[in-house]
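*Asks:* Residue numbers (this note's numbering): 38 to 309. Backbone N, C-alpha and C define an ideal beta-carbon position, used for all residues, glycine too.
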């Protein structure tokens, strides 16, 4: 019998473990088998880490798309933190960098309007016939007795292929949601998971600034749709589970209602 591929086995294992511990589990698997590190980091979405740009003092988000070894490129300074050992690291071309700067300004406004806080980062890189990039958004809620804790991570990876006076966009969006509650009276509850969706569309392009507007609309529409789906899946299902596990009525009233129901059914049967 042929042995299973270690990478497939690692992915299969991660699918069976608690989604809230994905980052910790990926780190543990990489420590056990370092040869899987690159493939796992590219394939598995984990909650976004936060670093501070030493040149601007602003926080930025870290992912595989702005990583070079153990360093991460800041979207604000275009420099790696900490500096890479073998040079300046891979940075976008001058044209793509200008689009990246404009996109970071636009999504910083989007983040403030929609999230009322949190952190955003946009990273772009050159590809044949266009460019690609990712839009990252993160919002966390500090643990408290009343509201519990929570974290929302949005990862939007896209490709923009140039066409005559237009562009073809491919967008893959992942949202990682992690909610928790811990109290002496209620105990501990964790609700974690992720949702992935894809979309493609063509849009008109008059100048490089059009790319920022087009990508912004796609990300905004996708986040609205995914948020509605998460509301149905996460909160609707959680409400159903809690409703089945615990009734709001006292047990005595529930038993009395059941007894009344049984008497009514018995009387109807006897009359028949």
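Among the residues of its own chain, which have a CB less than 7 Å from the CB of residue 267, if the five just before and after it don't count?
*Replies:* As a working mapping, residue 267 is identified with position 230 in the chain shown. If we look at residue 267 and ignore the five residues flanking it on each side, its Cβ neighbours are 212, 214, 232.
*Asks:* Can you tell which of 199, 165, 98, 121 has the C-alpha that lies nearest to the C-alpha of residue 141?
*Replies:* Residue 141 sits at position 104 when you count from the first residue of the chain shown. Residue 98 is the option with its Cα nearest to residue 141.
*Asks:* Can you find a C-beta in chain C that's less than 8 Å from the C-beta of residue 122?
*Replies:* The structure shown contains no chain C, having only a single protein chain.
*Asks:* With a Cβ-Cβ cutoff of 8 Å, do residue 206 and residue 156 count as a contact?
*Replies:* Counting from 1 along the chain shown, the entry for residue 206 is found at position 169. Counting from 1 along the chain shown, the entry for residue 156 is found at position 119. No.
*Asks:* Are residue 85 and residue 173 close, meaning C-beta to C-beta below 8 Å?
*Replies:* Within the chain shown, numbered from 1, the residue matching residue 85 stands at position 48. Within the chain shown, numbered from 1, the residue matching residue 173 stands at position 136. Cβ atoms of residue 85 and residue 173: closer than 8 Å.
*Asks:* Any chance you could list the alpha helix (DSSP H) runs of at least 4 consecutive residues sitting entirely within the segment 73-154, in chain order?
*Replies:* If we require 4 residues or more, the alpha helix (DSSP H) runs fully inside the segment 73-154 come out as 74-80, 131-152.
*Asks:* Let me know if residue 197 comes out buried or exposed under the rule of 16 or more other beta-carbons within 10 Å of its beta-carbon.
*Replies:* Position 160 of the chain shown, counted from the start, is the residue given in the question as residue 197. Burial call: buried.
*Asks:* Between which two residues does the beta strand (DSSP E) carrying residue 234 extend?
*Replies:* For this step, residue 234 is matched to residue 197 along the chain shown. Element bounds for residue 234: 224-241.
*Asks:* Using the C-alpha atoms, what's the distance from residue 298 back to residue 292?
*Replies:* Position 255 of the chain shown, counted from the first residue, corresponds to residue 292. Position 261 of the chain shown, counted from the first residue, corresponds to residue 298. Cα to Cα, residue 292 sits roughly 10 Å from residue 298.
*Asks:* Taking only the alpha-carbon atoms, compute the straight-line gap between residue 56 and residue 230 and give it to the nearest angstrom.
*Replies:* Position 19 of the chain shown, counting from 1, holds the residue named residue 56. Position 193 of the chain shown, counting from 1, holds the residue named residue 230. Those two C-alpha atoms are separated by around 5 Å.
*Asks:* If you follow the beta strand (DSSP E) that residue 163 is in, where does it begin and where does it stop?
*Replies:* Numbered from its first residue, the chain shown carries residue 163 at position 126. Taken as a continuous stretch (DSSP letters only), the beta strand (DSSP E) holding residue 163 covers 156-164.
*Asks:* DSSP on residue 51, reduced to helix/strand/coil?
*Replies:* For this step, residue 51 is matched to residue 14 along the chain shown. Reduced to three states, the DSSP call for residue 51 is helix.
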